[in-house]
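Numbering (full-length UniProt numbering), first residue to last: 1 to 375. We treat Cβ as the ideally placed atom computed from N, Cα and C, and that holds for glycine. All of these numbers come straight from a predicted model, not from anything done at the bench. Here the structure is laid out as structure tokens; the discussion comes afterwards.
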Amino acid sequence: MRRKSSVEALQIHGPDASEMEALPRKRSMRIKERRFAPSTFIWTFVILCSLAGCQALILGSYVKLPSFPPLFIAGMTGYWAIVAGIVSFISYRQVRRRLEPVHRFSEASQLVADGDFSVYLNPRHLPESKDWDADDEMFKDFNIMVEALGSIETMKNDFVVNVSHEIKTPLAIIQSYSQLLGKPGLSDEQRTHYSEIVTSATKRLGQFVTNILKLSKMENQSIDLQLEDCDIPRQLTDIVLGLSDSFDARDIQLDIDMDDTALAKADSGLLEIIWGNILGNAMKFTEPGGHVSIRQSSDDSMVSVEIRDDGCGMSSDELAHVFDKFYQADTSHAAQGNGLGMAMVHRAVELLGGSITIHSERGKGTEVQVRLPAA
């Protein structure tokens with residue numbers, strides 16, 4: 001989030017006028033500015049005079065006091081009025097100073113409620129300063145919250161764009177080639193070719209919907225885990241054999257180093273999602289003639305699998321979003337996919353009580369390590 005150096009405590013980089021008009025109008029919840037109240041002075045004066053009177057009465061019970069002339073009484077009244085004014089003013093300044101961060105927080109919160117996530121509150125002190133207090137901590141937490149809300153808003157917009165693309169593209173293909181199939185005079189070869197294209201687009205659309213439903217179930221924890229002793233090397237071998245034609249077509253060399261048997265307590269269906277997506281990405285983003293390696297190791301508590309490729313890799317910014325739903329480093333959609341695979345992998349590993357880490361460097365490749373509880 002961009003920060004500007006300014007004497008203003010509240011920095012606002014808001015939307016333009018057209019965007020503001022589109023925002024819903026909400027009832028203002030701003031705190032009214034506290035003004036000096038005459039009642040505060042009056043009550044302070046009354047209390048001080050009462051205390052002075054009580055003191056005089058107590059003193060008079062022990063010491064005989066002379067009668068005071070009216071001028072003296074008027075002078076004392078004026079004196080206590082001045083004291084009351086000073087006390088009231090100091091109290092007002094202290095209260096106003098204490099409420100100033102609350103006013104700033106209220107103004108910023110109202111802007112966020114209206115949809116402006118570019119608000120930034122400057123803490124009054126530096127983090128390493130001894131004067132750093134609860135208000136500064138509140139501002140820091142507020143800025144973190146607004147940044148997170150802005151990221152969610154961006155993800156929501158990306159979600160709409162990606163879903164629209166993933167649905168529109170196969171639907172357009174199905175519509176176009178269905179119309180072509182209705183034309184007379186097509187040869188059997190053309191009809192078969194068009195039918196295969198329609199079938200492929202239908203499968204792609206169906207797979208997309210299936211992945212959304214799977215991810216939704218995993219995120220809502222509504223999926224029934226069927227935990228069993230799964231042989232990780234055997235399952236990886238089966239998945240590699242299923243992808244062997246694709247690896248051969250791209251002339252990608254596989255280097256496999258696994259134990260004969262390594263059991264993990266897991267759900268075989270979720271494991272298929274994990275290995276299928278990771279290996280699919282390794283194949284998809286590795287240039288023809290490249291290499292993909294699979295390493296498996298075990299200890300008393302965990303089974304570890306490392307899948308490494310020497311493909312295009314990812315930058316640090318791309319790596320930070322690799323588990324986000326619908327995130328694709330290639331925004332042109334040149335590489336086939338819908339950005340749900342790694343989100344499903346991440347959630348599946350979490351459900352199985354494991355961990356996943358990714359190391360990647362642009363132009364040098366990617367390494368994915370998955371650790372699962374041993375059986």
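What would DSSP say about residue i, mapped onto helix, strand or coil?
i           : result
S28         : Because the pLDDT of S28 is 41, which lies under 50, any placement of that residue in the model is unreliable, and the number read from its coordinates should be weighed accordingly. DSSP places S28 in coil when its eight states are reduced to three.
C230        : strand
R93         : helix
A264        : strand
D324        : coil
R98         : helix
P373        : strand
L225        : coil
G365        : strand
L271        : helix
L121        : strand
E128        : coil
G313        : coil
residue 381 : This structure cannot speak to residue 381, because the chain is shown only from 1 to 375.
residue 376 : Any property of residue 376 remains undetermined from this structure, which presents the chain solely from 1 to 375.
F142        : helix
What residue does the alpha helix (DSSP H) around residue i start on, and which one ends it?
i    : result
V198 : D188 to E219
E318 : S316 to A320
E350 : G341 to L351
Please name the residue, chosen from the options, that lies closest to residue i on a Cα-to-Cα basis.
i    : options                   : result
L225 : G78, A348, D310 and I294  : A348
F45  : V87, A374 and I73         : V87
T40  : I90, L71, G75 and T77     : I90
S360 : G353, Q369 and S304       : Q369
V160 : I356, L271, P373 and G339 : G339
L126 : S118, K140 and G182       : K140
A266 : F105, S244 and G353       : G353
L205 : M218, T192 and T169       : T169
T237 : R97, S118, G363 and S293  : S293
I274 : S355, N122, H291 and S118 : S355
I174 : T192, K156, E189 and T199 : T199
L263 : V305, A113, L215 and I73  : V305
L180 : S195, E166, I223 and R93  : S195
H193 : Y177, K203 and F208       : Y177
Buried or exposed, going by whether 16 or more other CB atoms sit within 10 Å of the CB of residue i?
i    : result
Y327 : buried
R371 : buried
S151 : exposed
A148 : exposed
Where do the ends of the beta strand (DSSP E) carrying residue i lie?
i    : result
S355 : S355 to E361
S304 : M302 to D309
H291 : H291 to S298
D255 : Q253 to D257
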